[in-house]
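What follows is a short report on a single structure.
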Amino acid sequence: MRRTAPVLGMVLALLCPLAADAAAATSTPAARQAIDASTSAALQGDARRTLEAVGSVPADQYAGVDADYRACLFGRFQRSGPPYLAGAVEEPFARELLTVYQDYWWQALSAPASRDALDAALLQRLRGLIGAPAEEDWDAIENRLVARLRERGYHAQLGRTPPLRELMIWRKQTSRLYRVTLPDSEFQVDVELLDDFVSRGWSYYARCGRGSAGGWAADDRIYAVVPWFDGKLDSDRFRASLLGHETQHFSDLKRFPALKPWELEYRAKFTETWMARSTLAELLARFAASQSDDEDSPHTYANKRVLAALRAQLEARGVHAQRADLSDAPADAVRAAAHDVLLADSRRRLDAAP
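Rendered as C-alpha cells:
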C-alpha cells in the first residue's frame, strides 16, 4: 500500500496472514468466510462492515483464536465511544500519543464518511499535545513527534497508510544487507529489522491484532516488522512477501514515481507471487479473501485486479482455473503468469513515458 510520509514518501505492505493454528481450524467454514470478509472491510477502514461480517455467523461457530478475534471486535467497536488503550506503554508521552491516535482510529473506523474532519481534528489535537503553532502542517508536526519519541528511546513511523493516518512505534532496530532478484532486475538493499513494538499501526488495531503491517519501502531502504514473520528471517514469507514485495516498491518508486498507491501494490503483488513457493497458496487465498473496487483501499483494490490479470494470462496460455483463488492452476504456471504480466506492465509504462 502506498504510504505518504512526512519526508520520504513510503510504501507500506498491509500483510494479513491467515489463521493457521489448530484452534482456528475448528471454526466452521461459514465462520472462516466471515473472518475473511471482516478482514477485507477492516482494511478498507470500515468497522461497521467488519462487525456485520463476523456477526453474520452465530458466535458458537467460532473457536479458539477466531472466537477471541470476534469477541475483541465487538468489545472494541460495538460501543458509544473509544475503549481503553489497547497495548501497554509506560513512558508518559508515548502513552498519551498512542491514546490520541487510537481515539482517532476508533472514530475514523466507526465513521468512514467523517475521515477528513477527523484528520483535521487529529492534527489540531497533536498541535496541542506538543505546543506547536496553528500554522504547522502535517510534515512539521510529525517530524516533531518522531524527534520527541526518539529522545525517549523509541523509533517511529507516521504519515498516511490509506485510508487512515498512521502511527507505528518500536524500540529495537538493526540493519542488514540483502541481495534481491526481481523479475527484471537485481538490487542490493539495506533492510532495517524492527522489533519490540509499542504500536503496529491502525490495521493491527482495526483487526484486533489478527494481521498487521509486514514492512514498507523508503527511498533508500526497506523496513521489516520482525514480529510479523515470527522472527523467521529465512522463511519463504520473508523472502517473497517482504524482500520481493518491498524491493519492487523500491524499484518502482525510482522508475515510475507517478504510480498511484494501488498501482504500486498491483505490481509488487506480481513479484511476490512470482517469488512465493511454500506460501503461494496462502498468498493467493489472501488476495481472494480481500478484494474491493475501492481505490482508497489500495491493497484490496489491487488484489481484485491482480487475480483478474493472472486469470487472463493463464487463459491465454490454455490454463483454465475454476477457483477464485486460482488454487486449481499449476503453481509454476501461476508464477510464470505473474512474471509475464509484470514485465508487460513495465513495457507499457516505459512506452507511454514522454
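Heads up, the sequence shown is in full-length UniProt numbering, so the first residue is 1 and it goes up one at a time. In this text, a Cβ means the ideal position worked out from N, Cα and C, and glycines have one as well. Since the model is a prediction, treat every value here as computed from it, not as a measurement.
query: C-beta contact flag for Leu98 and Ile169 at 8 Å; result: yes
query: N-terminal and C-terminal residue of the beta strand (DSSP E) that Thr181 is part of; result: Met168 to Thr181
query: Presumed contact (8 Å Cβ cut-off) between Ala338 and Thr273, rounded CB distance; result: 4 Å
query: 6 Å CB neighbourhood of Phe187 in its chain, flanking five on each side removed; result: Val180 and Thr247
query: Straight-line gap, Leu149 to Tyr69 (C-alpha atoms, nearest Å); result: 31 Å
query: At least 3 beta-carbon pairs within less than 8 Å: the segment 228 to 246 vs the segment 296 to 310; result: no
query: Closest Cα partner of Pro92 within the set Gln44, Tyr154, Ala140 and Tyr178; result: Tyr154
query: Three or more C-beta pairs below 8 Å linking the segment 287 to 301 and the segment 161 to 168; result: yes
query: C-alpha gap between Ala59 and Ala94, whole angstroms; result: 36 Å
query: Cβ-based neighbour list, Ala156, same chain, cut-off 6 Å, excluding 5 preceding and 5 following; result: Val146, Leu149 and Ile169
query: First and last residue of the uninterrupted alpha helix (DSSP H) at Ser110; result: Pro92 to Ser110
query: Candidates Asp332, Ser203 and Pro82: closest to Thr50 by CA position; result: Ser203
query: Gln173 burial status per 10 Å Cβ neighbour count (16 or more: buried); result: exposed
query: The segment 322 to 332 touching the segment 257 to 264, judged by at least three CB pairs closer than 8 Å; result: no
query: CA nearest to the CA of Trp228, picked from Ser40, Phe238 and Pro82; result: Phe238
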